[in-house]
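This report concerns only the one structure given below.
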Amino acid sequence: RVKDLKIMPSVSDTKAMLTTGSDLLDLEEDLFRIASTSKVGDQSKEMIMKKVDRRAIVDEMKLHEDAMIEEILEKFESDGRQREELMLNQMKTLHIELLVVTLACIGISFAALLHLKK
């Protein structure tokens, strides 16, 4: 019968269940040290507090890091927009200067043509 069948895990599943993840190795080592010390007093409490303090500092640094990254990205975007606007204004100015020079050349050429035709 199907309901009487037992499902056995594969070798890789059993290995995954019996090994500690790499992210938990530090915690496991700390717990082993605490459990193996003969004094379960101030030393173990101090070790736990140091670990908690380190994690709190790391978490706070991550929060500040994210805020700083967002601030830097916003600054780059605003600087990029300002630079783009400046370049557009310079291009417009150059376009007007080119138009003036072209009209002057046409005027001089036309005046030279009329002078030479006389």
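Note that the numbering used here has the sequence shown beginning at 1, numbered continuously upward. Even glycine gets a Cβ: it sits at the ideal position worked out from N, Cα and C.
Alpha carbon to alpha carbon, how far is glycine 80 from valine 134? Give it in angstroms, no decimals. An answer regarding residue 134 cannot be provided, because it is not within the stretch 1 to 118 covered by the chain.
Using DSSP with H/G/I as helix, E/B as strand and the rest coil, what is isoleucine 57? Taking the first residue of the sequence shown as 1, we reach residue 57 at position 57. Here isoleucine 57 sits in helix by DSSP.
C-alpha distance - valine 11 paired with arginine 55, whole-angstrom precision: Here residue 11 refers to the residue found at position 11 when the sequence shown is read from its first residue. Here residue 55 refers to the residue found at position 55 when the sequence shown is read from its first residue. One C-alpha to the other measures close to 35 Å.
Assumed close pair lysine 119, aspartate 30 - CB separation to whole angstroms, cut-off 8 Å: Only positions 1 to 118 of the chain appear in this structure, which leaves residue 119 out of reach.
DSSP three-state label for serine 119, please. With the chain covering 1 to 118 only, the question about residue 119 has no answer from this structure.
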